[in-house]
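Sequential numbering from 1 applies to the sequence shown in the UniProt record's numbering.
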Amino acid sequence: MPRLYHALDDLQLRRWLAAKEPISRADGDGLTFTLSEFGTASWILRYSRGARRREVTLGNYPDMGLAEARKRARALRVQIDDGEDPAASKKVEKARVRKAMSVDQLCDDLIAKRFPDLSKNSVELYGALIDGVIRPKLGSLDVEQVTPADIVYLIEHCGRPWSVCDVLMIVLRNLFGHAVSRRQINFNPAVGIKLKSVLGNAPPRRKRIMLSEMELQTLLVDIDGLLGRTNGLMFRILLATCVRSIELITAEKELIDLERGSWRIRTESTKTRQEFLVPLAPSVVEWFHELIALSGDSKWLCPARQRRSKNGHVSRVVLQGAIRSAFKNKGLEIRKFTPHDTRSTAKGHLRNMGFSREISEIALNHKIPGIEGVYDVREEIPERRAAMEAWAQFILECSGGKSPDQGNSTNVVQFRPRRAA
């Protein structure tokens with residue numbers, strides 16, 4: 001039977017469409033016009049692949065007219081003659097579209113699968129950048145649409161300082177690296193972008209401060225007057241325990257054992273992702289007692305001071321704000337410092353007091369490198385407790401304006417780690 005070519009015309013198509021009766025008519029070489037019982041008119045190309053009959057929908061009529069349908073059918077016929085299978089290709093494309101993710105969905109997936117392994121500090125920081133920068137700028141885009149140029153534009157116009165943009169680049173690389181692992185994309189658009197090429201060189205890093213004994217005396221003698229009683233207690237504890245600010249503000253009262261003189265800090269609150277035990281000197285225990293009394297029925301040692309707080313614990317900027325106010329409004333006359341400088345202050349004084357580098361590092365909950373860090377898994381470390389008690393005594397005496405050398409009130413013993421035989 002000879003093949004039909006251009007058997008249909010526009011007049012016939014309009015009549016069939018007006019009649020609204022199901023119909024199927026061939027135009028030739030596999031191109032077919034169909035009208036369903038629901039009134040949907042479509043163009044279908046039918047062809048064979050070996051012994052199998054295949055078909056692919058080209059579009060709907062009248063959105064795709066007769067001439068356009070013939071043109072599209074001819075183009076697909078060329079592909080079929082070259083050995084391709086348009087129907088199979090269309091199924092693959094539909095599957096890809098179904099599996100495609102928006103950047104918003106990718107963010108949700110990253111948060112669900114990767115954030116549980118991060119510290120609480122990192123979760124809050126990365127989450128704020130995702131919600132405050134990435135979602136508003138890129139969230140509506142499909143992941144595969146994002147290009148390196150989009151990443152550069154985002155960094156240039158996010159309005160964050162250089163140091164924050166540095167963290168933002170880490171989040172972007174992790175986010176789109178997650179997309180690569182899920183096979184949403186084949187390459188990471190955030191890889192290879194150098195921040196200094198976008199924003200210029202990084203500003204000089206602020207050098208950590210070790211407050212001198214005289215500066216500590218000036219600060220601690222009237223700490224409550226400078227910061228307020230609650231903030232003063234928080235600052236004393238932060239200084240005496242050598243912890244990070246985030247570890248203090250997320251402290252839960254159930255983890256504080258005042259009788260034993262110890263405070264357990266959970267894994268999710270630590271930068272090192274390792275739970276650890278902080279020994280508490282007697283004077284520090286007294287400060288904890290008072291702070292617990294001030295916290296009321298909250299589970300947090302330092303509960304939020306504003307009802308709209310989402311976390312339940314005090315903001316991480318409270319101490320920073322109180323210290324700035326002491327310099328600006330209350331005439332504090334020492335070098336300007338931040339809450340994090342309490343750690344460098346403690347580190348320096350512990351070394352000056354004769355404690356070894358290893359013990360001072362353990363006091364700050366730094367990871368000890370090498371085989372010693374692998375095998376020394378003690379929670380209660382006598383050398384650390386001795387160092388923390390000596391340091392707390394130093395702070396107590398600075399609070400009274402006395403040097404720890406006066407009256408031989410601080411009995412410091414230098415501990416050195418035992419070497420393996």
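Glycine included, each C-beta is placed from N, C-alpha and C at the ideal position.
Of the listed residues R206, K207, L233 and R208, nearest to L219 (C-alpha basis): Nearest C-alpha to L219: L233.
Same chain, Cβ closer than 8 Å to G139, five either side skipped, listed in chain order: Same-chain partners within the cutoff: S102, V103, D104 and C107.
Close-in-space but distant-in-sequence residues of the same chain around A7 (CB under 6 Å, 5 per side omitted): D27 and G28
Coil, strand or helix - G28 by DSSP: strand
Beta-carbon contacts of D85 that lie in its chain and below 8 Å, excluding the five residues immediately before and after: Excluding residues up to 5 positions away in sequence, R49 and R54 lie with their Cβ nearer than 8 Å to the Cβ of D85 in the same chain.
Residue range of the unbroken alpha helix (DSSP H) whose run includes W300: Run containing W300: none; DSSP gives neither H nor E here.
Beta-bridge pairing of D108 - partner residues as DSSP gives them: Answer is none; D108 lacks a bridge partner.
Those runs of the beta strand (DSSP E) which lie wholly inside the segment 329-403 and span at least 3 residues: Taking only runs of at least 3 residues, no beta strand (DSSP E) segment lies wholly in the segment 329-403.
Cβ separation of R46 and G65, assumed to be a contact under 8 Å, to the nearest whole Å: That belief does not hold up - the Cβ atoms of R46 and G65 are roughly 20 Å apart, past 8 Å.
Near the ligand GTP: I80 beta-carbon under 8 Å from a heavy atom: Absent from the structure shown: the ligand GTP. Ligands present: none.
Beta-carbon proximity of L195 to D166, cut-off 9 Å: yes
Option nearest L350 by Cα separation, candidates S163, I237 and F394: Of the listed residues, the one whose Cα sits closest to L350 is F394.
Reference W287; option with closest CA among Q274, N231, L319 and R266: N231
The segment 314-331 in contact with the segment 252-263 per 3-pair CB rule at 8 Å: no
Beta-carbon gap between L239 and T338 smaller than 9 Å: Not in contact: L239 and T338 (Cβ atoms no closer than 9 Å).
Contact the segment 147-162 vs the segment 177-197: 3+ CB pairs below 8 Å: yes
Coarse secondary structure for G261, derived from DSSP in three states: coil
Between the CA atoms of E215 and P279 - distance to the nearest angstrom: 25 Å
Alpha helix (DSSP H) segment containing R173, residue limits: W162 to S181
Exposure of N201, with buried meaning 16 or more beta-carbon neighbours within 10 Å: exposed
Span separating the alpha-carbon of I246 from that of C302: 11 Å
Best match in A251, K137 and A363 for proximity to H313 [C-alpha to C-alpha]: A251
Beta-carbon gap between A304 and A392 smaller than 9 Å: no
Option in S119, P189, I292 and A112 with minimal Cα separation from V143: Of the listed residues, the one whose Cα sits closest to V143 is P189.
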